[in-house]
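Participant: Count along the sequence shown from 1, then add 394; that gives the number in this note's numbering.
Virtual Cβ for every residue (Gly too), placed ideally from N, Cα, C.
Remember, it's a predicted structure, so these values are computed and weren't measured experimentally.
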Amino acid sequence: MGHLDHATFGWLTPVLSYAMACIGAALGLRCTVRALAASGRSRRNWLITAASALGTGIWTMHFVAMLGFGVTGTEIRYNVPLTILSLLVAVAVVGAGVFAVGYGRDRGRALALGGLTTGLGVASMHYLGMAALRLHGDVRYDPVLVGLSVVIAVVAATAALWAGINIKSPLAVAVASMVMGGAVSSMHYTGMLAVSVRVDPSQAVLPGATTMQFIFPLAVGLGSYLFLTSAFVALSPTTGERDASVSAQRPIEDPARR
């Protein structure tokens, strides 16, 4: 059995991955709050932004954490198409959950359906990303820990969507995003504890890309997207601020002219 190291760079990758999860959660929650206060095309656009932020944040969290993953006796590479597919799955399934909440008339049913869908999507993203691993050996999973990681993903997703519906103030969103980031990180590392590797030493060249060739540049690019989108959302006026601005620009009627 190969020895697994989940933090080859020490605390750097766990802390940075947690930060990515928190940023994605905070941005997704703020966009969901904006969406619920809007209507028409504006609501749709905010929900799309929320889905992309949450999905991207969760995916970036996973693969930043994977930068610190190593197995003694073998190098690690990643299948590029499967890795890209895991990102698309994350955004698409999180989007389905966010839209269910954004447009659902029965909030309780929409929350349950959206939380289940999103949680299963997060778990699918994680294990698709793990399926993209290429190493000299066989990867095996503890089914009990896999099941626990899926339960954590569903609970975390449901809690995040509930927060998007019920939490409005920026401070409360910040606290909720830190809790959500911790839940997503817990899901990831629970899933990683389920992993064991039987190494078959070999000199053969592994297919796929190394972390520095593919995962690191993509994670940096998506992290930059999260920061830029966060700045855009922070600077974008809320519906209330926009309405107040329109009211302030309206000419005041002179009572003497009545």
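Quick check: A553 and V578, are their CB atoms within less than 7 Å of each other?
Facilitator: Cβ atoms of A553 and V578: not closer than 7 Å.
Participant: Taking the beta carbon of V538 as the centre, do at least 16 other beta carbons fall within 10 Å, making it buried, or is it exposed?
Facilitator: Classification for V538: exposed.
Participant: Would G541 be called buried (16 or more neighbouring beta carbons within 10 Å of its own) or exposed?
Facilitator: Result: exposed.
Participant: Going by beta-carbon coordinates alone, are S571 and A420 separated by less than 7 Å?
Facilitator: The answer is yes: Cβ separation under 7 Å.
Participant: For L476, which residues does DSSP report across the bridge?
Facilitator: DSSP lists no partner for L476.
Participant: Alpha carbon to alpha carbon, how far is F493 from L529?
Facilitator: Roughly 38 Å separates the two Cα atoms.
Participant: Can you tell me the Cα-Cα spacing of A638 and F626, whole angstroms?
Facilitator: Because A638 carries a pLDDT of 46, less than 50, the predicted location of this residue cannot be relied on, and the following value inherits that uncertainty. Rounded to whole angstroms, A638 to F626 spans 20 Å at the Cα level.
Participant: In whole angstroms, give me the CA-to-CA distance for G509 and I546.
Facilitator: Taking the straight line from one Cα to the other gives about 11 Å.
Participant: In the DSSP assignment, find the unbroken beta strand (DSSP E) run with V593 in it and report its ends.
Facilitator: That run of the beta strand (DSSP E) goes V589 to V593.
Participant: I'd like the span of the beta strand (DSSP E) that includes R534, first residue to last.
Facilitator: Run containing R534: G531 to Y535, per the beta strand (DSSP E) assignment.
Participant: With respect to the alpha helix (DSSP H) encompassing R499, which residues constitute its N-terminal and C-terminal limits?
Facilitator: That residue, R499, is in no alpha helix (DSSP H); it is neither H nor E in DSSP.
Participant: Could you tell me the alpha carbon to alpha carbon distance between Y535 and D399, rounded to whole angstroms?
Facilitator: When rounded, the distance between both Cα atoms is 16 Å.
Participant: Could you please give me the residues that DSSP links to G464 through a beta bridge?
Facilitator: According to DSSP, which records beta bridges pairwise, G464 is partnered with D399.
Participant: Pick helix, strand or coil for A598, following the three-state DSSP scheme.
Facilitator: A598 falls in the coil class under three-state DSSP.
Participant: Can you list, in chain order, the residues of its chain whose CB lies under 6 Å from that of T443, leaving out five sequence neighbours each side?
Facilitator: If we look at T443 and ignore the five residues flanking it on each side, its Cβ neighbours are C425.
Participant: Could you give the distance in angstroms between the alpha-carbon of I418 and the alpha-carbon of L527?
Facilitator: The question names Ile, but residue 418 is Gly in the sequence shown. Straight-line Cα distance between these residues: approximately 24 Å.
Participant: What does the alpha-carbon distance come out to for the pair T422 and V548?
Facilitator: In the sequence as presented, Thr is not what sits at residue 422; that position holds Gly. The alpha-carbon atoms of G422 and V548 are separated by roughly 17 Å.
Participant: Quick check on DSSP: helix, strand or coil for A506?
Facilitator: A506: helix per DSSP, three-state reduction.
Participant: Would you identify the three-state DSSP class for A603, choosing helix, strand or coil?
Facilitator: Here A603 sits in strand by DSSP.
Participant: Taking F610 as the reference, give the member of F457, G585, P475 and L587 with the closest Cα.
Facilitator: Measuring from the Cα of F610, the nearest candidate turns out to be F457.
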